[in-house]
Amino acid sequence: MLKDITIGQYFPGESIIHRLDPRFKIVITLIYIVMLFTGGTPLCLCIGALYTFIAIALSGVPLKMFWRSVRPLLPFLVITAVINLMLVRSGDVLWSWKAIKITEDGLNISAFMIVRISLLVMGTSILTYTTSPVTLTDAIERLLSPLKKLHFPVHELAMMMTIALRFIPTLIEETDKIISAQKARGAEIDTGSFMTRAKSLVSILVPLFVSAFRRADELATAMECRCYHGGEGRTRLRQLKSAPRDYIALLYTIGFLAAVIWFK
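The following block contains the structure:
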C-alpha cells in the first residue's frame, strides 16, 4: 500500500506539460480546482473529467501512476460515500430497510464526491509529476514575491513547502523499511485484532520520527556547510521565462472553466 503513494514524485520528460512555465502550471492547477468544485451537474463533472484525461495524455506520464495516486484513498472515499448514503434523507427513496434509507440525492452526492475527489487527486498530481522540486520552489517564490514588500518570508515558505513535498516519498520508503524490519522481528502489524494492530503502530511511529528528525538535522547541516543563508541576494541558474504555449494552456483552462460555469 505504501508503495502506491506517489505524492511528491517527479517524472522527468519532454512533454508539452513538462515544458510549461511552472508559474503558469500552479495558476492552472488552482483554476482546475475551482473548475471541479464549481459545477454541480453530471455534465460539468464530465467536462472536468475530459480536461483531466487530456492533460494526463499530454503529460506523457503513464496512466497507472495516476491510478496509484488515487488507490490509497479509495477506502476513505468508500467510507465517506457510505456515510453520505446513510445520512442524506432528501429525494426519492430507492431502497429502505428498517431505519436505513438510500435516497436518490444521497446516491448522487456519494457518486459526485468519489468522482470529484478522484479527479482532484489525479489532476493536481500532474503538477508534481511534471515539475522538479527546485523549479517548483522558484515558481512559488516568484508568484508570492509581491508579499516581500510586507516583509513576508516568501523564500523560506517556498523552501519549506518544497522540502516537505520532496521528502514525502523518502518518508514513505523509510516507513516501508521499518515495517519490513518489524515484521522480521515477529511484530504482528497486519494480523491480530484492531487494538493489537493499533499498539503495533508505536513500533513504527517511534523509529519513523527519529529517522525524520535525523534527516532534518543532516539537511540543516548540509545547507549550513554550503553557506545557505536564506533567499537574500541569491541568484538562479535557470530564469523562468513564459512562452506562447503557457498563455495558450492558460486560455485553454479558462475556456473549460467557462464551459463548466455556463452549464452549471
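Read in the numbering used here, the sequence shown has 1034 at position 152, and its numbers run on one by one without any break. C-beta: ideal position from N, C-alpha, C; glycine also.
Distance between CYS1107 and ASP1099, taken at the CA atoms: about 12 Å. ILE1060 is not a Cβ neighbour of ILE913, given a cutoff of 8 Å.
Straight-line measurement puts the Cα of ILE996 at about 6 Å from the Cα of LEU959.
Note on PRO1028: under 16 other CB atoms within 10 angstroms of its CB, so exposed under the neighbour-count rule.
Under the Cβ criterion (8 Å, minimum of three pairs), the region 1084–1091 counts as touching the region 1050–1057. In the three-state scheme derived from DSSP, where H, G and I count as helix and E and B as strand, ILE936 is classed as helix.
The continuous beta strand (DSSP E) containing ILE984 extends over residues 982–985.
Looking at the backbone, the Cα of ILE1045 and that of PRO1015 are separated by about 8 Å. Per DSSP, the unbroken alpha helix (DSSP H) holding ARG950 starts and ends at 945–952. Here ALA1131 is near ILE910, since their CB atoms are less than 8 Å apart.
Minimum Cα-Cα distance from LEU1083 among the listed residues LEU1101, PHE1095, ALA1102 and SER1062 corresponds to SER1062. With the rule of 3 Cβ pairs closer than 8 Å, the region 991–1011 counts as touching the region 944–954. Taken in chain order, the complete alpha helix (DSSP H) segments of 4 or more residues contained in the region 1084–1137 are 1084–1107. Beta bridge pairing from DSSP links TRP1144 with no other residue.
Its Cα nearest to that of ALA1066, the residue SER1085 stands out among ALA1141, SER1085, LYS1030 and PHE1049. Each of MET917, SER992, ASP1128 and THR1019 was checked against the Cα of LEU932, and the nearest Cα belongs to MET917. Listed in chain order, the non-local C-beta contacts of PHE1145 below 6 Å within the same chain comprise LEU925 and CYS926, local neighbours out to five positions each way being set aside.
One thing to note: ILE984 has its Cβ no nearer than 8 Å to the Cβ of LEU940. Going by C-alpha positions, CYS928 is about 44 Å away from LEU1101. Going by DSSP, THR962 is part of the alpha helix (DSSP H) stretching over 956–969.
Between the beta-carbon of TYR892 and that of VAL943 there is about 10 Å, and that puts the pair past the 8 Å contact cut. Taking each of ALA1140, ARG901, TYR1134 and LEU1139 in turn and checking the Cα distance to THR1017, the smallest one comes out for ARG901. If you draw a 10 Å sphere on the C-beta of GLY922, you find fewer than 16 other C-beta atoms in it, and that means exposed. The C-alpha of LYS1123 lies about 14 Å from the C-alpha of ILE1022. Out of ARG1096, SER992 and ILE936, the CA that lies nearest to the CA of ALA963 is found in SER992.
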